[in-house]
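A.B. asks: Sequential numbering of the sequence shown, starting at 1, is according to full-length UniProt numbering.
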Amino acid sequence: MEKFKLASRYESGQFNVWIEYNNLAMITKPLNLGQGFPDYEPPSRFSKFLAEVALENNVSFHQYTRGLGHVRLVNALSKLYSNLINREIDPLNEILITVGAYEALFCTIQSNIEVGDEAIIIEPFFDCYEPLIRIAGGTPRFIALKNTKPNSSVSRSSDWKLDPEELASLFNAKTKLIIVNTPHNPLGKVFDYDELTMIADLAKKHNVLV
Numbered sequence: 001m002e003k004f005k006l007a008s009r010y011e012s013g014q015f016n017v018w019i020e021y022n023n024l025a026m027i028t029k030p031l032n033l034g035q036g037f038p039d040y041e042p043p044s045r046f047s048k049f050l051a052e053v054a055l056e057n058n059v060s061f062h063q064y065t066r067g068l069g070h071v072r073l074v075n076a077l078s079k080l081y082s083n084l085i086n087r088e089i090d091p092l093n094e095i096l097i098t099v100g101a102y103e104a105l106f107c108t109i110q111s112n113i114e115v116g117d118e119a120i121i122i123e124p125f126f127d128c129y130e131p132l133i134r135i136a137g138g139t140p141r142f143i144a145l146k147n148t149k150p151n152s153s154v155s156r157s158s159d160w161k162l163d164p165e166e167l168a169s170l171f172n173a174k175t176k177l178i179i180v181n182t183p184h185n186p187l188g189k190v191f192d193y194d195e196l197t198m199i200a201d202l203a204k205k206h207n208v209l210v
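Take a look at the structure:
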């Protein structure tokens, strides 16, 4: 056996769908709706402020900031979201600033999933969900969104549904979390109030992280 073979916990992440599709895209030249490629510049005032800070002759501006998020930023977010959810959020202990959603998912899964835990994934899903769960030692459980109007010429958000009984059957004593994003990636489905309530009720019943 090769001494420096990739660690077995990372074997599930060796296949990368983005590499495969990017290679195909170079051949067929399609319109790319899959990744974030802005075709516009950020507001000029932001670029101006960034340049000013970078050129500032003040050594205190060029130090490591707080690793969990700048104090001014987490305080601002606490104020915003505390009002939205009607619960006081502790900015220093309940908010973590990450470099995008990928890092947020990694931190959340790594800090909550133990070996043997289960996590529910809604299909189709963004490609990183499954390997992140497996790397943490967890077992993914899958449930597919089903098209209730397969013969329709136009697919609408409301056409894609989760089977309530099937979803409920996936929850058990080993279930640690369920990944829900709305609008759903990649379908774009927006879960309505009743659907989110159904998921929330199951999560509360089984003490599961959403």
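Backbone N, C-alpha and C define an ideal beta-carbon position, used for all residues, glycine too.
At 4 residues or longer, what runs of the alpha helix (DSSP H) sit wholly inside the stretch 13–41?
C.D. replies: Within the stretch 13–41, the complete alpha helix (DSSP H) runs of at least 4 residues are 17–28.
A.B. asks: With a Cβ-Cβ cutoff of 7 Å, do L73 and L105 count as a contact?
C.D. replies: Not a contact, by the Cβ cut-off of 7 Å.
A.B. asks: Under the three-state reduction of DSSP, which class applies to A101: helix, strand or coil?
C.D. replies: If DSSP states are grouped into helix, strand and coil, A101 belongs with the helices.
A.B. asks: For D159 and N151, which I take to be in contact (beta-carbon distance under 8 Å), what is that distance rounded to the nearest angstrom?
C.D. replies: D159 to N151, Cβ: 11 Å. No contact.
A.B. asks: Looking at C-alpha atoms only, which residue of N32, K149, A7 and R9 is the closest neighbour of W18?
C.D. replies: Of N32, K149, A7 and R9, the residue nearest in Cα terms is N32.
A.B. asks: Please check the pair L170 and I143, which I expect to be a contact at CB under 8 Å, by giving their CB distance rounded to whole angstroms.
C.D. replies: Right, their Cβ atoms sit about 6 Å apart.
A.B. asks: Kindly list the residues whose CB is nearer than 8 Å to the CB of F191, restricted to its own chain and excluding five residues on each side of it in sequence; keep chain order.
C.D. replies: Result list for F191: V180, T182, H184 and I199, in chain order.
A.B. asks: With distances taken Cα to Cα, identify the nearest neighbour of E88 among S78, I95, E56 and K29.
C.D. replies: Nearest of S78, I95, E56 and K29 to E88, Cα basis: S78.
A.B. asks: Residues in the same chain with beta-carbon distance under 6 Å from K149, minus the five sequence neighbours each way, listed in chain order, please.
C.D. replies: Around K149: D159.
A.B. asks: In the DSSP output, which residue or residues are listed as bridge partners for T108?
C.D. replies: BP columns for T108 are empty, so no partner.
A.B. asks: Pick helix, strand or coil for R141, following the three-state DSSP scheme.
C.D. replies: R141: strand per DSSP, three-state reduction.
A.B. asks: Measure the CB-CB distance between T139 and E118 and report whether it falls below 7 Å.
C.D. replies: Yes. Within cutoff.
A.B. asks: Excluding the 5 residues flanking A25 on each side, which residues of the same chain have their C-beta closer than 7 Å to its C-beta?
C.D. replies: Only N32 meet the Cβ criterion.
A.B. asks: Figure out for me which residue from P30, K3, K204 and P43 has the closest Cα to the Cα of A168.
C.D. replies: Closest option to A168, Cα to Cα, is K204.
A.B. asks: Cutting at 7 Å between CB atoms, please list the residues of its own chain near L187, excluding the five before and the five after it.
C.D. replies: Excluding residues within five positions, the ones whose Cβ falls inside 7 Å are P124, L145 and W160.
A.B. asks: Between which two residues does the alpha helix (DSSP H) containing I133 stretch?
C.D. replies: Unbroken alpha helix (DSSP H) run through I133: Y129 to I135.
A.B. asks: Going by the beta-carbon positions, is the gap between I113 and K174 smaller than 7 Å?
C.D. replies: Their beta carbons are not under 7 Å apart, which means I113 does not touch K174 by this criterion.
A.B. asks: Could you spell out the range, first to last residue, of the alpha helix (DSSP H) harbouring A173?
C.D. replies: No alpha helix (DSSP H) holds A173; DSSP gives it neither H nor E.
A.B. asks: Let's see if you can read the secondary structure: which residues bound the beta strand (DSSP E) around E118?
C.D. replies: Start and end: E118 to E123.
A.B. asks: Determine the direct distance from the alpha carbon of Y81 to that of residue 237, and round the result to whole angstroms.
C.D. replies: Any property of residue 237 remains undetermined from this structure, which presents the chain solely from 1 to 210.
A.B. asks: Measuring only the C-alpha atoms, how far is C128 from R9?
C.D. replies: Approximately 14 Å between the Cα atoms of the pair.
A.B. asks: Can you check whether the CB of V154 is closer than 7 Å to the CB of I178?
C.D. replies: Contact flag unset, no.
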